[in-house]
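Visitor: Provided herewith is a single structure, encoded as structure tokens, for subsequent inquiry.
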Amino acid sequence: MTQKNLVSIISSGLSKFGRLEGKCSREIFVEAAKEAFEKCPNLDPVKDIEALFIGHMGESFEHQGHTGPILADWAGLLPRPAIRIESACASSGVALRMGIMAILSGMYNIVMVGGVEKMTHRTTMDVTEFLTMASDFPFEQWNGITFPGLYALMATAHMHKYGTTEEQMARVAVKNHHNGALNPKAHIQKEITLEKVMSSRVIAWPLKLYDCSLISDGASCLILTNPNIAKTFTDIPVHIIGTGQASDTIGLYERDELTTLKAGRLAGREAYKMAQVTPKDLDIIEVHDCFTIAEIIAYEDLGLCKPGKGGNLIDQNVTNLNGEIPVNTSGGLKAKGHPVGATGTAQAYEIYLQLIGQAEKRQVSGAEIGLSYNVGGSGASATVHIFKRG
Amino acid sequence: MTQKNLVSIISSGLSKFGRLEGKCSREIFVEAAKEAFEKCPNLDPVKDIEALFIGHMGESFEHQGHTGPILADWAGLLPRPAIRIESACASSGVALRMGIMAILSGMYNIVMVGGVEKMTHRTTMDVTEFLTMASDFPFEQWNGITFPGLYALMATAHMHKYGTTEEQMARVAVKNHHNGALNPKAHIQKEITLEKVMSSRVIAWPLKLYDCSLISDGASCLILTNPNIAKTFTDIPVHIIGTGQASDTIGLYERDELTTLKAGRLAGREAYKMAQVTPKDLDIIEVHDCFTIAEIIAYEDLGLCKPGKGGNLIDQNVTNLNGEIPVNTSGGLKAKGHPVGATGTAQAYEIYLQLIGQAEKRQVSGAEIGLSYNVGGSGASATVHIFKRG
Amino acid sequence: MRRYTFLRGDNNMLEDSPFTIESFYKFLGERKLMATKCCKCETLFLPPRPMCTKCLSTNFNWVKLEGKGELISYTVIHFSTEQFQSKTPYIIGIVKLNAGLNLPGIIRDMNPKQIRVGMNLLVDFDTSIPLQWPQWPRYFFKLDTLSS
Amino acid sequence: MRRYTFLRGDNNMLEDSPFTIESFYKFLGERKLMATKCCKCETLFLPPRPMCTKCLSTNFNWVKLEGKGELISYTVIHFSTEQFQSKTPYIIGIVKLNAGLNLPGIIRDMNPKQIRVGMNLLVDFDTSIPLQWPQWPRYFFKLDTLSS
Ligand SMILES: [Zn+2]
Ligand SMILES: [Zn+2]
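Residue numbers (this note's numbering), protein chains in the order written: chain A, 1 to 390; chain B, 391 to 780; chain C, 781 to 928; chain D, 929 to 1076.
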């Protein structure tokens, strides 16, 4: 099997992430769509874009489901088919995968994929409640286990089994806030210190406030084409050369191991195999750091290091912006923000910017191959994509 | 363009529809999956089924989202990728379409598509509230417009413009209850009289209780394969030869015409063109009769008659079980029931049974070509599929 | 016939208001029914949008509507959600405003038997509701006795 | 070592109980921690399922578990949802029962400082909650003083 360009990215858009007061999902999505349209003057969106695949996690946030057609309408793309995909926090990563399938199917030549979430108008307690819907109702929600709680259970197990420390987790936050400070669209553009993370209030021990990603509003999108026509629209397409997805039990407790996400490992394996690359070939990675422990486990599950050695990677600055393999140059979910439905394609947006050399102050020079890793819930869904500069 | 078999259905399953007390979505879905597995002994589900596409409308019903992996798990199909699709009441019709794309993409040879909803454990008022999430929050929900209200607005406009009567709508209910009485899996298996419909209490004038579909629990699924391998699994595959989908404004009020669903007309046109058939070629149809007026409008939008003449079709018994073109032989959403996420693939289940000659007492003899029409919300999403006996 | 009025920036709130649904409801709180007009292709929008769906422009002006129009369909709701059940039966109509835009809403102070498609209705305001998501001031329809 | 007990149909409720999550909670209301065992491949399940994920069989027996096990991970929740906020800080653990199945839940009557991975815990019951969706009787964990 030889490496194949599955689809090409010809443009992309990202709204500001953060507290976007007075704006609802559909309005925020237009911000992202507008950027994608403007960056690709050769594209006539209304005529050319044939379908939309939208990640959107929660209809409770705005008492609004059926998001697909709403966003198609607001982006000026009616009557194109528009589909909402919900795989918890992996919703738009999976939407990206659906867009790839849609083009490979031959039914479409050009599609838009993206995602959106509006969260900051609700109380933190409501947000906590709505997010739990991505976990198991009868055994997890009913016992009062929050999402920070689920990742805290992974963290405790990881600490116990491998000796991972709270300081190592805190360093993930420090690194990602450093990167976020260089990203003008990040929710928080401010460096933080190790002490600040360590002394922040406990949310779910051992996770503290600064171990948790941000509750944000935001939207993201990509425009995908059949690789044969990509050059019609841009001189510098980025190709997607690998995609993977897998599932696991909804309940964290039902799994043999709490220190690894099997769905993530399998999704990675599928994507690596399809792309014909190994972790050593990667120049840049965006991983799903919904909590700092998740980034450490992601290093291990993606094969950047052996199981249990994720903490060492962060200690050795390997994944820093100027390290061997920069991870979450965007600031990650931790500092860029985590409007859940938008996160998957926002990760792809960052990889795209980096590969076309437009990541400005956080540019990794000469980046050619990138990977994005998007996790749903406590790992019941995971999807990995591998990108290559065209 | 010649007619092409896009995918083949090799098996299908349907749970009992109705009030399934003490069972939650995942347990109901297993009923459907079990039937599909048992009807296809040549299939090894765990080895052969490569992905799941699941329609599920509301996370509020069971405070449970992230339904894809849950159903994959409960059906014994982990770690296969499993995706929840939400297009309101068209969720599983759209899931079917995604399954078709997935196979056409070449990424998979065998996939499961299906849908599920658990509704009857909630009060009718809660169900009414959760269903409104598929309509526009800022202008429709905020003004107290329910789903029966939206279809009532279509009905009033249709009555005003075309002279359609409440009796004609009531006859749709009588016909579908007649068919439902012959379907052992229907929620209500009882004939009703015109008088009973006409004298039932008003829900949203001109729609009365018996103009409304049922609040039901239920699940449905199909197993799709690449047509090249269908004969490995069954002697009588059914091929899908056309698929269409389109979107419209989320708000009914934003449309030029209230008496027709533009998304439905466009989805039908796309499917007819792909399948190279016309309405005259159809032997059997399942349409989205969430309210009786919706079936009358569906006749018109699918081209069975001219705009405004849907009422005549029902008066002339054209769509009766023994009529020229039987519609909703299953009993439709009206009598079979409407577990919203399950409806799209439940329609396909009925067409499949009819085309392989296993619809028992309601069998339409010699049926060769069928169509299913699944509508989301008040028509912001619509999808049409055309099936042919293999 | 003057179908709508441009507001010419004699009100600071207007110039500053983003083209959002929230702004629409803020204006309602001031008893103003406001739509947006695309500066490029002149299409009117209600609800307001940040991007014109006809020409993809993002330049708009706010436009004040008269709030008069004609009923194009209606229903009487007898069973509703918890929030609205106590108001049943209530009448919902879709009104085609003279400016050409449709608006759905509750019709107040009307006997269901009086109602007919084509009747002239008028937008009025209920500003007793504070603006905080998901609460907004309300508009509603009533008989336009002058035009009827 | 006897790790779980078969109930042999001396209780009518058991034979009739469908293999559902609701049945699990009904049994909890009788202070019984019940799992299901596949008749074909003997895999134990908790939560109970209508179909065995190992062999796709739908024949099961109910099996009563002892409710003893070992803590494999834990957390202390300081910020929660509205339903649980008043109970904060509370301890959540995942316990590997002796029968080999994992169960998550609240650990009561324990100082967070005492807690350690590997400690022996015991399932106990709170049957004060009536069974009506989404309310179920509760199980919880407490120190297994005999095994510790
Ligand atoms: Zn314009
Ligand atoms: Zn078994």
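Quick reminder that beta carbons are idealized off the backbone N, C-alpha and C, glycines included. These numbers come from a predicted model, not from an experiment.
In chain order, which continuous runs of the beta strand (DSSP E) of length 3 or greater are located wholly inside the stretch 672 to 758 of chain B?
Guide: Within the stretch 672 to 758 of chain B, the complete beta strand (DSSP E) runs of at least 3 residues are 674 to 676.
Visitor: Over what stretch of residues does the beta strand (DSSP E) that includes D/Met962 continue unbroken?
Guide: Translated into the one-based positions of the fourth sequence, residue 962 of chain D becomes position 34. That run of the beta strand (DSSP E) goes 962 to 966.
Visitor: Tell me the rounded alpha-carbon separation between A/Val384 and A/Val111.
Guide: Along the first sequence, read from residue 1 onward, the residue named residue 384 of chain A stands at position 384. Along the first sequence, read from residue 1 onward, the residue named residue 111 of chain A stands at position 111. One C-alpha to the other measures close to 19 Å.
Visitor: So the alpha helix (DSSP H) B/Glu519 belongs to, where does it begin and stop?
Guide: As a working note, residue 519 of chain B is residue 129 in the second sequence. Here the alpha helix (DSSP H) through B/Glu519 covers 514 to 522.
Visitor: Which stretch, first to last residue, makes up the beta strand (DSSP E) that contains B/Arg474?
Guide: Counted from its first residue, the second sequence places residue 474 of chain B at position 84. Run containing B/Arg474: 472 to 476, per the beta strand (DSSP E) assignment.
Visitor: Could you give the uninterrupted runs of the alpha helix (DSSP H) lying entirely in the stretch 632 to 679 of chain B, keeping only those of 4 residues or more?
Guide: Segments of the alpha helix (DSSP H) lying fully in the stretch 632 to 679 of chain B: 652 to 665.
Visitor: Taking only beta-carbon atoms, is B/Trp464 less than 9 Å away from chain C?
Guide: Reading the second sequence from its first residue, position 74 is the one you call residue 464 of chain B. Chain C contact via Cβ: absent.
Visitor: Compare the beta carbon distance of D/Arg977 and B/Val420 with 9 Å and say whether it is the shorter of the two.
Guide: Counting from one through the fourth sequence, the residue named residue 977 of chain D turns up at place 49. Counting from one through the second sequence, the residue named residue 420 of chain B turns up at place 30. Against a cut-off of 9 Å, the Cβ pair of B/Val420 and D/Arg977 comes out as a contact.
Visitor: Is the stretch 442 to 457 of chain B touching the stretch 122 to 137 of chain A, taking contact as three or more C-beta pairs under 8 Å?
Guide: With a cut-off of 8 Å, the stretch 122 to 137 of chain A and the stretch 442 to 457 of chain B count as touching, because enough Cβ pairs lie within range.
Visitor: Write down every uninterrupted run of the beta strand (DSSP E) in the stretch 2 to 39 of chain A whose length is 3 residues or greater and which is fully enclosed by it, in chain order.
Guide: With a minimum length of 3 residues, the continuous beta strand (DSSP E) runs that stay inside the stretch 2 to 39 of chain A are 7 to 14.
Visitor: Taking Cβ positions only, does A/Gly58 come closer than 9 Å to chain B?
Guide: Here the question's residue 58 of chain A lines up with position 58 in the first sequence. Yes - at least one Cβ of chain B is within 9 Å of the one on A/Gly58.
Visitor: Give a yes or no on contact between the stretch 648 to 665 of chain B and the stretch 90 to 98 of chain A, applying the rule of three or more CB pairs nearer than 8 Å.
Guide: In short, these stretches do not touch, since the Cβ pair count stays below three.
Visitor: Answer yes or no: do B/Ala422 and B/Cys680 have a C-beta to C-beta separation smaller than 9 Å?
Guide: Position 32 of the second sequence, counted from the first residue, corresponds to residue 422 of chain B. Position 290 of the second sequence, counted from the first residue, corresponds to residue 680 of chain B. Cβ distance not < 9 Å, so B/Ala422 and B/Cys680 don't count as in contact.
Visitor: Show which residues of chain B have a CB atom less than 7 Å away from the CB atom of A/Gly303.
Guide: One-based indexing of the first sequence puts residue 303 of chain A at position 303. Those do not exist, as A/Gly303 stays about 17 Å from chain B at its closest Cβ, beyond 7 Å.
Visitor: Using beta carbons (cut-off 9 Å, strictly below), is D/Phe1012 in contact with chain A?
Guide: The sequence position of residue 1012 of chain D within the fourth sequence is 84, counting from 1. Chain A, which has a Cβ nearer than 9 Å to the Cβ of D/Phe1012, makes this yes.
Visitor: Is it buried or exposed for B/Asn573, if we count other Cβ within 10 angstroms and need 16 for buried?
Guide: As a first step, residue 573 of chain B is located in the second sequence; it is residue number 183 there, counting from the start. Burial call: buried.
Visitor: Is DSSP giving A/Val375 helix, strand or coil here?
Guide: In the first sequence, the residue the question calls residue 375 of chain A occupies position 375. In this structure, A/Val375 counts as strand in the three-state DSSP scheme.
Visitor: What three-state label does DSSP hand A/Gly99 in the structure shown?
Guide: Looking up residue 99 of chain A in the first sequence gives position 99. In this structure, A/Gly99 counts as helix in the three-state DSSP scheme.
Visitor: Going along the chain, which residues of the stretch 507 to 527 of chain B sit with their C-beta nearer than 7 Å to a C-beta in chain A?
Guide: Under the 7 Å Cβ criterion, the stretch 507 to 527 of chain B contributes Met523, Ala524, Phe527.
Visitor: May I ask whether a heavy atom of ligand 1 can be found less than 8 Å away from the beta carbon of C/Cys821?
Guide: By one-based count along the third sequence, residue 821 of chain C stands at place 41. At least one heavy atom of ligand 1 is nearer than 8 Å to the Cβ of C/Cys821, so yes.
Visitor: Is the beta carbon of B/Arg752 closer than 9 Å to that of B/Ser606?
Guide: For the purposes of this step, residue 606 of chain B is taken as residue 216 along the second sequence, with counting starting at 1. For the purposes of this step, residue 752 of chain B is taken as residue 362 along the second sequence, with counting starting at 1. Going by C-beta atoms, B/Ser606 is not nearer than 9 Å to B/Arg752.
Visitor: Nearest to B/Ala465 by alpha carbon, out of B/Lys565, B/Arg416, B/Gly769?
Guide: Along the second sequence, one-based indexing puts residue 465 of chain B at 75. Checked all of B/Lys565, B/Arg416, B/Gly769; the closest Cα to B/Ala465 is B/Arg416.
Visitor: Going along chain D in order, which residues have a C-beta closer than 8 Å to the C-beta of B/Gly412?
Guide: The residue you call residue 412 of chain B lines up with position 22 of the second sequence. Going along chain D in sequence order, the residues near B/Gly412 (Cβ under 8 Å) are Pro946, Thr948, Glu950, Ser951.
Visitor: Considering only heavy atoms of ligand 1, does any lie closer than 8 Å to the CB of C/Lys834?
Guide: As a working mapping, residue 834 of chain C is identified with position 54 in the third sequence. Result yes, Cβ under 8 Å from ligand 1.
Visitor: Okay, do the stretch 1026 to 1040 of chain D and the stretch 160 to 180 of chain A touch, 3+ Cβ pairs below 8 Å being the bar?
Guide: Result no; under three Cβ-Cβ pairs closer than 8 Å.
Visitor: Following a CB-centred definition, is D/Cys966 positioned closer than 8 Å to any heavy atom of ligand 4?
Guide: What this structure holds is ligand 1 and ligand 2, not ligand 4.
Visitor: Throw me the rounded Cβ distance for the A/Gly344 and A/Ser91 pair, which I believe falls under 8 Å.
Guide: One-based indexing of the first sequence puts residue 344 of chain A at position 344. One-based indexing of the first sequence puts residue 91 of chain A at position 91. Going by Cβ atoms, the distance from A/Gly344 to A/Ser91 rounds to 7 Å, so yes, they are a contact pair.
Visitor: What are the partner residues of C/Ile872, as DSSP defines its beta bridges?
Guide: Reading the third sequence from its first residue, position 92 is the one you call residue 872 of chain C. C/Thr855, C/Ile886, per the DSSP bridge assignment.
Visitor: Under the rule that 16 or more other beta-carbon atoms within 10 Å means buried, what is D/Asn940, buried or exposed?
Guide: Position 12 of the fourth sequence, counted from the first residue, corresponds to residue 940 of chain D. Any answer about D/Asn940 is weak, because its pLDDT of 44 lies below 50 and its placement is not dependable; what the coordinates show is given next. Classification for D/Asn940: exposed.
Visitor: Quick check: the Cα distance between A/Phe387 and A/Glu324, rounded to an integer number of angstroms?
Guide: Looking up residue 387 of chain A in the first sequence gives position 387. Looking up residue 324 of chain A in the first sequence gives position 324. Taking the straight line joining both Cα atoms gives about 18 Å.
Visitor: Could you check the C-alpha separation between D/Lys960 and A/Leu153 for me, to the nearest Å?
Guide: By 1-based counting over the fourth sequence, the position of residue 960 of chain D is 32. By 1-based counting over the first sequence, the position of residue 153 of chain A is 153. Near 26 Å, if we compare the C-alpha coordinates of A/Leu153 and D/Lys960.
Visitor: Just mark B/Asp434 as buried or exposed, buried being the case when its beta carbon has 16 or more other beta carbons within 10 Å.
Guide: Here residue 434 of chain B is taken as the residue at index 44 of the second sequence, counted from 1. Result: exposed.
Visitor: Measuring CB atoms only, is the stretch 493 to 509 of chain B touching the stretch 69 to 89 of chain A, in the sense that at least three cross pairs come out at less than 8 Å?
Guide: No: fewer than three Cβ pairs fall under 8 Å.
Visitor: Our contact map puts B/Ser398 next to B/Leu614 with C-beta atoms below 8 Å; I'd like the distance itself, whole angstroms only.
Guide: Counting from 1 along the second sequence, the entry for residue 398 of chain B is found at position 8. Counting from 1 along the second sequence, the entry for residue 614 of chain B is found at position 224. About 7 Å; that satisfies the 8 Å criterion.
Visitor: How would you write the range of the alpha helix (DSSP H) that A/Tyr162 sits in, first residue to last?
Guide: Position 162 of the first sequence holds residue 162 of chain A. From DSSP, the alpha helix (DSSP H) with A/Tyr162 extends over 147 to 162.
Visitor: Run down chain D in chain order and give the residues with a C-beta less than 8 Å from the C-beta of A/Leu258.
Guide: One-based indexing of the first sequence puts residue 258 of chain A at position 258. Residues of chain D passing the Cβ test: Ile1000, Ser1001, Ile1022.
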